[in-house]
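Comments concern the structure below.
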Amino acid sequence: MMSMNINKDDLNPVVDALQMKSLLGNMSDKRGKIARMIRSGDLFPLRRGLYATRRDLDPLSLAASLYGPSYISFETALSYYGLIPEAVYEVTSATLKRPAEFQNIFGRFHYRRVPESVFSIGIERVTESSLPFLIASPTKAVCDRIALEPRMRSMSDVKHWAELMRLDDSMELDSAILDACAESYQRPAVRFLQRTIEKWGRILP
């Protein structure tokens, strides 16, 4: 239980050091108190100067607080939607900032940079979590992931990539989001994905 006049109900799921020090009021040894709260399991360090106040938080909901602006994407989003069969053991997000990685009690968090022109395309807000978060739509997640492939030279390469990824062959892509991504990414891999969908209506014909 929180002590020293701190009520858990007064705390957000994620708090920074300044917020904690404000809640501790006139206490003389605020840093010491924060350290004791960490040892007692009342606070959980996310990165330097940032803490979770609950252990049961969904790791996906913490990613943007750790490093933002960002949204969940790539294999993490594809796994979230059930579009790939493999379990994913790290949270991978798209960001406008430099690539970064963090490790804490909630898991490993990885951030890949995407162009500003594509960042806001095809983003959805998940509100069912105790801490809402942003995630790429299925189409945007596919575009973000395939854009990482530097040697995509044909629609056959797209098909081979989808097979290696074990993408759900029944998935349908949103043509408006795909067209916007192809235009904004300006990368061959996304262009060939777009052509594949235009021809076959799906990634795996």
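In this text, residue positions in the sequence shown follow this note's numbering: the first is 48, and each later residue adds one. Just so you know, even glycine gets a beta-carbon here, dropped at the ideal spot from N, CA and C.
The alpha helix (DSSP H) enclosing L211, as first and last residue numbers
Along the sequence shown, read from residue 1 onward, the residue named residue 211 stands at position 164. Looking at the DSSP string, the run of the alpha helix (DSSP H) that includes L211 is M202 to M212.
So for F156, helix, strand or coil by DSSP?
Here residue 156 refers to the residue found at position 109 when the sequence shown is read from its first residue. F156: strand per DSSP, three-state reduction.
Can you tell which of R200, R249 and L211 has its C-alpha closest to the C-alpha of R234?
Within the sequence shown, the letter at position 187 stands for residue 234. Here the closest residue by C-alpha is R200.
Answer with buried or exposed for P116, where buried requires no fewer than 16 other C-beta atoms within 10 angstroms of its C-beta.
Looking up residue 116 in the sequence shown gives position 69. Exposed, because fewer than 16 other Cβ atoms sit within 10 Å of the Cβ of P116.
Rounded to whole angstroms, what's the CA-CA distance from N153 to K77? Just pull it up for me.
As a first step, residue 153 must be located in the sequence shown, where it is residue number 106. As a first step, residue 77 must be located in the sequence shown, where it is residue number 30. One detail in the question is off: residue 153 reads as Phe in this sequence, not Asn. If I take the Cα positions, the gap works out to 25 Å.
Just to confirm, is the Cβ distance from E196 to A236 under 8 Å?
Residue numbering aside, residue 196 sits at position 149 when the sequence shown is read from its first letter. Residue numbering aside, residue 236 sits at position 189 when the sequence shown is read from its first letter. Yes.
Start-end ranges of the beta strand (DSSP E) lying completely within the stretch 94–148, minimum 3 residues
97–99, 117–119 and 137–142
Spatial neighbours of V161 within its chain, please: C-beta separation below 6 Å, excluding the five flanking residues on both sides.
As a first step, residue 161 is located in the sequence shown; it is residue number 114 there, counting from the start. Around V161: A141.
Quick check on L181: buried or exposed, where buried means 16 or more other Cβ atoms within 10 Å of its Cβ?
As a first step, residue 181 is located in the sequence shown; it is residue number 134 there, counting from the start. The residue is buried, with at least 16 neighbouring Cβ atoms inside 10 Å.
Answer yes or no: do V138 and F156 have a C-beta to C-beta separation smaller than 8 Å?
Counting from one through the sequence shown, the residue named residue 138 turns up at place 91. Counting from one through the sequence shown, the residue named residue 156 turns up at place 109. Yes, these two residues count as a Cβ contact at 8 Å.
Could you say which of K206, D215, R159 and A124 lies nearest to E171 if we only look at CA atoms?
As a first step, residue 171 must be located in the sequence shown, where it is residue number 124. Out of K206, D215, R159 and A124, A124 has the C-alpha closest to the C-alpha of E171.
Let me know if E219 comes out buried or exposed under the rule of 16 or more other beta-carbons within 10 Å of its beta-carbon.
Here residue 219 corresponds to residue number 172 of the sequence shown, with the count starting at 1. Classification of E219: exposed, given that the 10 Å Cβ count is below 16.
In terms of alpha-carbon separation, which member of L113, L109 and A99 lies closest to M67?
Working through the sequence shown from its first residue, we reach residue 67 at position 20. Nearest of L113, L109 and A99 to M67, Cα basis: A99.
Just the Cα atoms here: how many angstroms apart are I168 and G96?
Position 121 of the sequence shown, counted from the start, is the residue given in the question as residue 168. Position 49 of the sequence shown, counted from the start, is the residue given in the question as residue 96. Answer to the nearest angstrom: the Cα atoms are 31 Å apart.
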